[in-house]
């Protein structure tokens, strides 16, 4: 447990150190937000304060940005992340059913995570690759023309991965 | 300069408008109404409500009048069937999420009669409870559009209200997301507390992590209340006005150097409904702060208590009437030996009262007539002035006229708390072309909005400034050569800029950035605050600002943060009053029985009681408790009289507030004392007598009338060399809890009255015990927010509560105690001290 906390602190410090390489101009703020999001998977409060002081922007303003764009998360996200596109193109190809299938198999609603906090499910409005819809993004990997069977495979794959992760830790 | 104007036609009417204003503004100035919910004069156009859409001849589409500049020959149509249809549709959409029953109600005509019986709750739950009723922009638009129905079913957002903060409440269900509050909070006041959060249908007004305002660095200026078009942002406890008539009284707020004119809204029974900054000269949100508008509301008549006169008796105090107290004091004053007597005043009364008090002392032959002035700020400026034979008019170099096209170099002054009206002026300039450099080793709430912030070690500001000056002299061409230039250049060339920078705690790159910025812009105004001159190295600090301001041909301005500070400093400079900044000496003389009688008008944290002590103050403060005779002073905002603000502007408080019947004005008290003492009445001087009082320093008019020359005294090189020698050795890791502590000014102590203790609202928002610390340092010492700690300074301890803030320099703590005892006064006087953080025993 202690190790985890130290790891977390380490990660936070590293993310904070990203600032050193970025000029303190407010136009670079969004770039920094993306970097932290990529590295940590979420944006912690103390980094907002640090960034606000560094870029001379108010913390409230950054909070406004973070809540406006769905690309940013405020809470620590899970190890695995599933995004189901519900844009128009995907929708007409049945993405709603795909979302429902994920909900059924994982037992969670979009916008939440499962009990072990290992998998989170989210719906997004458009990923900009309508040609290959319905699109599902699993841990950053785009999956094209997903059908209900694929959903089962994805969930099974992630659950297996999760188990092996656990064994790793022991 | 003549302002150019344009001529346009609005709805067929020829309108003349200043160049650069919007069509909406031009229409408003010509008395024409165009509905608008997001635009407000003085704010930047939001163009979000879409109600001000207009048609301009020969332009293809409708445009918002608020964001369209009035142009020569423009033909504007503000209304047509199509436009009204659009407006109606837009307004209906706005109303779909705002309770609109009050706008459409069939009983509207009888509303005033009926609603009296219905209003029982404080929260706006509907039209009858809404304090905005009658003053609501939605109502105005609805009546303009003659709206009869709303096609959408009303959707209650059902969001929780903000009720946990003092003074300000917010009901998100009444919000139409016009953005006025966000704009005024950020663009105008520079607070940046409010923001839009989320997106789409869930958009709302929020704060950082939706924390309560008091945890979001909100200063409770109240501007959001002034701009809200609906009842979404509401002053807490404000009741709906029914058909009773409100009376209005104005007074000058004496709580800081700004001397804002405030207006009280009094109900028929005399109770105070609310206090608002005056909108005579500027929009209501362009002046005032929470101390003024919310503090006075809780203190003014209705909720005001003034302690009555009292005499010290064997056990405790006996309340007496003024008729008893005045003769008692007079008979004592008759007997006193003037040499064993001292008169001491604070600055917070009108200048007439102060003069009357001072001259009463002088009439009695008392030489020790003091002004209690722990900052010793303007007097130090004056000392410097005289020592260097500058005869420089520091006092009138202030921003007496509106600022234009200027840039600002702020040194050790948190303008937002020390002079908010000056800050609002500067903020206005910053929205245009102005730039601002803030050099401050302590906490400064405006530095985030500076083009460049420099954080030197507290007490070493001069090294930072000299480093900038050194580089500037190297680089800048075409310098105006004032006397002493060659010598200064030669002396300074003995120091490396980098050494100076490092010794001041800055790196060379930020010093270079400052030099570049100074070179890029013209008209620099150097504003420094009292903190710069409250440290050991005050002379060096002042010298460095002075020389730098000359080198860049800028202007220099000492910002006094207390009301009447300039007036009393003027009297002091002409020898009409003495300064007392520390109390040790006075206490010694009291102990040695050299001072036997003391008459205090106001308050000071004295602990030694002389043989006889008279105190005249609004409240029975700690000193009052010790006194033999306590005379209740009149409540200053209730007195008519004049105050001198930080810019040497004389402000008149003319309307007298109704007071307690027992209460007499201070001038009346002084005159009755004079009568008892067999003196003629003291009459209030003409205005120019107050000006004359200032002549000890300089005439009021004119800019920079004094001699300009560079200052470099003999010992300056040695002093600088010494401070370099100390620091050039790389600083060792400081011991675990050792810090440099800045004892910052706290303006919440008013005439001995501890506002946070006395005023319920203050106590919720303001904690004088906060210890500001850099978050990294806090986590290094494992300190958490709100944790109680003790700080050891010179074998004594201070208590405080941790508040981590990234605005602090690591290794520096900032505290703002209320100076209520001699030890704190001693620390305050030193300005910057060293101390160790100790954890309180768990």
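Protein chains in written order, with the working numbering: chain Y, 1 to 170; chain E, 1001 to 1842.
Every residue gets a Cβ at the ideal spot worked out from N, C-alpha and C, and that includes glycine.
* Taking residue 1184 (chain E) as part of the alpha helix (DSSP H), name the residues at either end of that continuous run. => Within the second chain, the letter at position 184 stands for residue 1184 (chain E). Where residue 1184 (chain E) is concerned, there is no enclosing alpha helix (DSSP H), given that its DSSP letter is neither H nor E.
To the nearest whole angstrom, what separates the beta carbons of residue 1424 (chain E) and residue 1189 (chain E), a pair I think is in contact under 8 Å?
For this step, residue 1424 (chain E) is matched to residue 424 along the second chain. For this step, residue 1189 (chain E) is matched to residue 189 along the second chain. With a beta-carbon spacing of about 7 Å, residue 1424 (chain E) and residue 1189 (chain E) fall inside the 8 Å limit used to define contacts.
_Cutoff 8 Å: residue 1807 (chain E) Cβ touching any chain Y Cβ_ = In the second chain, counting from the first residue as 1, residue 1807 (chain E) sits at position 807. So yes, residue 1807 (chain E) belongs to the interface.
task = Could you check if residue 151 (chain Y) is buried or exposed, using at least 16 other CB atoms within 10 Å of its CB as the buried criterion?
result = One-based indexing of the first chain puts residue 151 (chain Y) at position 151. Buried, since its Cβ has 16 or more Cβ neighbours within 10 Å.
message = So, with DSSP's three-state summary, where would you put residue 1220 (chain E)?
response = Sequence index remark: in the second chain, residue 1220 (chain E) carries index 220 (1-based). Coil at residue 1220 (chain E), not helix or strand.
Exercise for the section: Could you tell me the boundaries of the beta strand (DSSP E) in which residue 1791 (chain E) lies? Expected result: Mapped onto the second chain, residue 1791 (chain E) falls at position 791. Note, residue 1791 (chain E): beta strand (DSSP E), 1788-1793.
Going straight from the alpha carbon of residue 1118 (chain E) to that of residue 1240 (chain E), what length do you get?
-> Residue 1118 (chain E) sits at position 118 when you count from the first residue of the second chain. Residue 1240 (chain E) sits at position 240 when you count from the first residue of the second chain. Because residue 1118 (chain E) sits at a pLDDT of 42, beneath the cut-off of 50, its placement in the model cannot be relied upon, and the point is left open.
message: Is there a Cβ of chain Y sitting closer than 8 Å to that of residue 1541 (chain E), yes or no?
response: The residue you call residue 1541 (chain E) lines up with position 541 of the second chain. No, because no Cβ of chain Y sits closer than 8 Å to the Cβ of residue 1541 (chain E).
Can you give me the C-alpha to C-alpha distance between residue 1125 (chain E) and residue 1813 (chain E), rounded to a whole angstrom? Locating residue 1125 (chain E) in the second chain gives position 125, counting from the first residue. Locating residue 1813 (chain E) in the second chain gives position 813, counting from the first residue. Note that residue 1125 (chain E) has pLDDT 45, beneath the 50 cutoff, so the model's placement of it is unreliable and the number below is only indicative. Distance between the alpha carbons of residue 1125 (chain E) and residue 1813 (chain E) is about 46 Å.
**Asked** Cα separation between residue 51 (chain Y) and residue 1552 (chain E)?
**Response** Translated into the one-based positions of the first chain, residue 51 (chain Y) becomes position 51. Translated into the one-based positions of the second chain, residue 1552 (chain E) becomes position 552. Whole-angstrom Cα-Cα distance: 33 Å.
- Could you check if residue 1351 (chain E) is buried or exposed, using at least 16 other CB atoms within 10 Å of its CB as the buried criterion? One-based indexing of the second chain puts residue 1351 (chain E) at position 351. Under this definition residue 1351 (chain E) is a buried residue.
inquiry  = Taking the straight line between their C-alpha atoms, what separation do you get for residue 1463 (chain E) and residue 1282 (chain E)?
reply    = The sequence position of residue 1463 (chain E) within the second chain is 463, counting from 1. The sequence position of residue 1282 (chain E) within the second chain is 282, counting from 1. About 40 Å.
*Between which two residues does the beta strand (DSSP E) containing residue 1102 (chain E) stretch?*
By one-based count along the second chain, residue 1102 (chain E) stands at place 102. Run containing residue 1102 (chain E): none in the beta strand (DSSP E); it sits in the alpha helix (DSSP H), 1101-1104.
**Asked** Is the distance from the Cβ of residue 1413 (chain E) to the Cβ of residue 1531 (chain E) below 8 Å?
**Response** Position 413 of the second chain, counted from the first residue, corresponds to residue 1413 (chain E). Position 531 of the second chain, counted from the first residue, corresponds to residue 1531 (chain E). Here residue 1413 (chain E) is near residue 1531 (chain E), since their CB atoms are less than 8 Å apart.
field: Within 8 Å of chain Y by C-beta, residues of the segment 1770-1784 of chain E in sequence order
entry: Cβ proximity to chain Y below 8 Å picks out 1775 from the segment 1770-1784 of chain E.
According to DSSP, residue 1162 (chain E) sits in a beta bridge with which residue or residues? By 1-based counting over the second chain, the position of residue 1162 (chain E) is 162. Under DSSP, residue 1162 (chain E) shares a beta bridge with E:1170.
Per-residue burial, residue 1321 (chain E) [other beta carbons within 10 Å of its own, 16 or more giving buried]:
As a position in the second chain, residue 1321 (chain E) is number 321, starting the count at 1. Burial state of residue 1321 (chain E) is exposed, judged by a 10 Å Cβ sphere holding fewer than 16 other Cβ atoms.
For this session: Name, please, each residue of chain Y whose Cβ falls closer than 7 Å to the Cβ of residue 1209 (chain E).
Result: By 1-based counting over the second chain, the position of residue 1209 (chain E) is 209. Here the neighbours are 45 and 63.
So within the segment 1216-1283 of chain E, which uninterrupted alpha helix (DSSP H) runs reach at least 4 residues, ignoring any that extend past its ends? For the segment 1216-1283 of chain E, whole alpha helix (DSSP H) runs of length 4 or above, ordered along the chain, are 1223-1227.
State the CB to CB distance for the pair residue 1034 (chain E) and residue 1078 (chain E), rounded to an integer number of angstroms; the pair is presumed to be in contact (CB under 8 Å). Position 34 of the second chain holds residue 1034 (chain E). Position 78 of the second chain holds residue 1078 (chain E). Right, their Cβ atoms sit about 5 Å apart.
Does any residue of chain E bring its CB to less than 8 Å from the CB of residue 153 (chain Y)?
Taking the first residue of the first chain as 1, we reach residue 153 (chain Y) at position 153. With its beta carbon at least 8 Å from every one in chain E, residue 153 (chain Y) lies outside the interface.
Cα separation between residue 1299 (chain E) and residue 1545 (chain E)? Taking the second chain and counting its residues from 1, the one referred to as residue 1299 (chain E) is at position 299. Taking the second chain and counting its residues from 1, the one referred to as residue 1545 (chain E) is at position 545. Near 40 Å, if we compare the C-alpha coordinates of residue 1545 (chain E) and residue 1299 (chain E).
Own chain partners of residue 1373 (chain E) with C-beta closer than 6 Å, once the 5 adjacent residues on each side are dropped:
Taking the second chain and counting its residues from 1, the one referred to as residue 1373 (chain E) is at position 373. The residues are 1579 and 1581.
Note to self: Suppose contacts are defined by Cβ-Cβ distances below 8 Å. Is residue 1289 (chain E) in contact with residue 1219 (chain E) by that definition?
What the structure shows: Sequence index remark: in the second chain, residue 1289 (chain E) carries index 289 (1-based). Sequence index remark: in the second chain, residue 1219 (chain E) carries index 219 (1-based). Yes, they are a contact pair.
- Count the C-beta pairs between the segment 1048-1057 of chain E and the segment 1072-1091 of chain E that are closer than 8 Å, then say yes if the count reaches three, no if not. In short, these stretches touch, since the Cβ pair count reaches three.
Work out the CA separation of residue 1309 (chain E) and residue 1442 (chain E) for me, nearest whole Å.
Within the second chain, residue 1442 (chain E) is the residue found at index 442, counting from 1. Within the second chain, residue 1309 (chain E) is the residue found at index 309, counting from 1. Between residue 1442 (chain E) and residue 1309 (chain E), the alpha-carbon positions lie close to 42 Å from each other.
- Message: Below 8 Å, how does it come out for the segment 1456-1470 of chain E and the segment 1487-1496 of chain E: are there three or more Cβ pairs, yes or no?
- Response: A contact between stretches requires three or more CB pairs, one per stretch, nearer than 8 Å, and the segment 1456-1470 of chain E meets this requirement with the segment 1487-1496 of chain E.
Task: Inter-residue Cα distance where the pair is residue 1063 (chain E) and residue 1382 (chain E) - done: Walking along the second chain from the start, residue 1063 (chain E) turns up at place 63. Walking along the second chain from the start, residue 1382 (chain E) turns up at place 382. Residue 1063 (chain E) and residue 1382 (chain E) have their C-alpha atoms spaced approximately 57 Å apart.
Practice item. Could you please tell me which residues of the segment 1191-1203 of chain E, in chain order, have their CB closer than 7 Å to any CB of chain Y? Key: Within the segment 1191-1203 of chain E, 1192, 1193, 1194, 1195, 1196, 1197, 1198 and 1199 place their CB atoms closer than 7 Å to a CB of chain Y, listed in sequence order.
- Task: Tell me, to the nearest whole angstrom, how far the beta carbon of residue 1446 (chain E) is from that of residue 1415 (chain E); I am working on the premise that it is less than 8 Å.
- Result: Taking the first residue of the second chain as 1, we reach residue 1446 (chain E) at position 446. Taking the first residue of the second chain as 1, we reach residue 1415 (chain E) at position 415. 6 Å between Cβ atoms; contact.
By the 10 Å Cβ neighbour count, where 16 or more other Cβ atoms means buried, how is residue 1355 (chain E) classified, buried or exposed? Taking the second chain and counting its residues from 1, one reaches residue 1355 (chain E) at position 355. Residue 1355 (chain E) should be labelled buried.
**OP:** Identify the contact partners of residue 1216 (chain E) in chain Y, using a Cβ-Cβ distance below 9 Å as the criterion.
**Re:** Counted from its first residue, the second chain places residue 1216 (chain E) at position 216. Residues of chain Y whose Cβ lies closer than 9 Å to the Cβ of residue 1216 (chain E) are, in chain order, 59 and 60.
Taking C-beta to C-beta, are residue 1819 (chain E) and residue 1605 (chain E) nearer than 8 Å? Counting from one through the second chain, the residue named residue 1819 (chain E) turns up at place 819. Counting from one through the second chain, the residue named residue 1605 (chain E) turns up at place 605. Yes, they are a contact pair.
Expected contact under 8 Å - CB spacing of residue 134 (chain Y) and residue 90 (chain Y) to nearest Å: Stepping through the first chain from its first residue, residue 134 (chain Y) is reached at position 134. Stepping through the first chain from its first residue, residue 90 (chain Y) is reached at position 90. Your pair residue 134 (chain Y) and residue 90 (chain Y) checks out as a contact, with CB atoms roughly 4 Å apart and the cut at 8 Å.
ask   = What residues from the segment 1436-1448 of chain E come within 9 Å of chain Y, judged by C-beta to C-beta, listed N to C?
value = Listed in sequence order: 1447 and 1448.
Item checked: residue 1039 (chain E) to residue 1046 (chain E) span [Cα, whole Å] -> Looking up residue 1039 (chain E) in the second chain gives position 39. Looking up residue 1046 (chain E) in the second chain gives position 46. Straight-line spacing of the CA atoms in residue 1039 (chain E) and residue 1046 (chain E) works out to 6 Å.
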